[in-house]
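The numbering used here puts the first residue of the sequence shown at 324, with every later residue one more than the last.
Note that CB positions come from ideal geometry on N, CA and C, so glycine has one too.
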Amino acid sequence: IVNVDTLTYAGNLENLSDVEELPNYQFEKVDIVDAAAVDLLFDKYQPEGVIHLAAESHVDRSIEDPLAFVRTNIFGTVNLLNSFKRIHSEFTGKRFYHISTDEVYGTLGKEGLFQESNAYDPNSPYSASKASSDHFVRAYGETYGIPYVVTNCSNNYGPNQFPEKLIPLFINNIVEEKPLPVYGDGQYTRDWLYVVDHARAIDLVFHEGKNGETYNIGGFNEWTNLDLIKVLCIQMDEKLGREKGSSEKLITYVKDRPGHDRRYAIDATKINKEL
């Protein structure tokens, strides 16, 4: 297993301490935007399979700097596809597995769930860049015969997550008694997926998934932002020995961000039934 990461602001090698000494593990610091470096990497290791998770993924950052998301999420994906195509004269036993997001589907109303058949309707530069990368993976499959699978997952949470994401950000802010910024009315709804469950699903899809298929991965675990934050406040007050309700006083409503999708919710029936 060759782990490729350019170690941006969100990368941390300490997260790999439990596997870094294993004999079948190798780390390579490479930016997938650098096509020549990606080619050298593929020449060196001749991978039969690629699990592509590398992406810029923070919506607020995509609003501030869309081109960074175009470079990594679109150009980087195409670089990986080109290198994979170049080193293989035929694709028997090969696989390119592309991990994407439910945000490519746009937003839901109060009812319904995202299914694999939903049309794409991205509303942020981030989701637009991921939608484009999804299309390129499928196009390379149809045009060049690359065996591929795509998965679209809901919001992840769990250990070692970089603290720009909601749950670790708010835990840190509660510890430090900083404001808890809530966009708009706080009723934006997300489907939360524990990262270990996502990792298990990735392993399953990579080994058992059907080429050319898309699988939605979700937790059937919807929370409004405000309800989730209030639960965090209650739990953190208990853990920190603070007076009940003290952390909730840190909640601060802030101006909504542009293009904010109201609700995401994944229908994971397909992967549950087929895999």
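In angstroms, rounded to a whole number, what distance separates the CA positions of residue i and residue j?
i	j	result
Leu-563	Ser-569	11 Å
Asn-338	Leu-330	12 Å
Tyr-506	Glu-545	17 Å
Tyr-428	Val-356	25 Å
Ala-588	Ile-410	38 Å
Leu-516	Val-361	31 Å
Thr-424	Ala-391	18 Å
Pro-491	Ser-412	45 Å
Asp-453	Ile-494	Per the sequence shown, the amino acid found at residue 453 is Lys instead of Asp. Their Cα atoms are separated by approximately 28 Å.
Asn-396	Arg-565	43 Å
Leu-336	Gln-484	13 Å
Name the DSSP beta bridge partners of residue i, please?
i	result
Gln-349	Val-325
Asn-338	For Asn-338, which the question treats as bridged, DSSP gives no partner whatsoever.
Phe-437	Ile-589
Ile-594	Bridge partners of Ile-594: none, in fact.
Gly-372	Arg-418
Short of 8 Å in beta carbon distance, which residues of its chain neighbour residue i, apart from the five on each side in sequence? Order them along the chain.
i	result
Thr-537	Glu-439, Val-472, Val-473, Thr-474 and Asn-475
Leu-573	Asn-496, Ile-497, Glu-500, Lys-501, Pro-502, Leu-503 and Cys-556
Return the first residue and the last residue of the beta strand (DSSP E) that residue i is part of.
i	result
Leu-516	512-517
Ser-406	Taken as a continuous stretch (DSSP letters only), Ser-406 belongs to no beta strand (DSSP E), being part of the alpha helix (DSSP H) at 399-410.
Arg-394	It is not in any beta strand (DSSP E) - Arg-394 carries neither H nor E in the DSSP assignment.
Phe-419	418-424
Tyr-576	574-577
Identify, in the order they occur along the chain, each residue of the same chain with its Cβ nearer than 7 Å to the Cβ of residue i, setting aside the five sequence neighbours on each side.
i	result
Lys-593	Glu-439, Tyr-538 and Asn-539
Ile-414	The sequence given here has Phe at residue 414, not Ile. Gly-468, Ile-469 and Pro-470, listed in sequence order.
Cys-556	Ile-497, Ser-570 and Glu-571
Arg-523	none
First and last residue of the alpha helix (DSSP H) that includes residue i?
i	result
Ile-557	548-563
Arg-384	382-387
Using a Cβ-Cβ cutoff of less than 6 Å, which residues in the same chain neighbour residue i once the five nearest sequence positions on both sides are dropped?
i	result
Tyr-348	Ile-324 and Val-342
Asn-478	Arg-513 and Trp-515
Against chain C, does residue i count as a neighbour if the rule is that its beta carbon must be under 9 Å from one of theirs?
i	result
Pro-346	Protein chain content of the structure displayed is limited to a single chain, and chain C is not contained in it.
Taking the runs of the alpha helix (DSSP H) that are 4 residues or longer, which of them lie wholly in the region 447-508? 448-467 and 489-498
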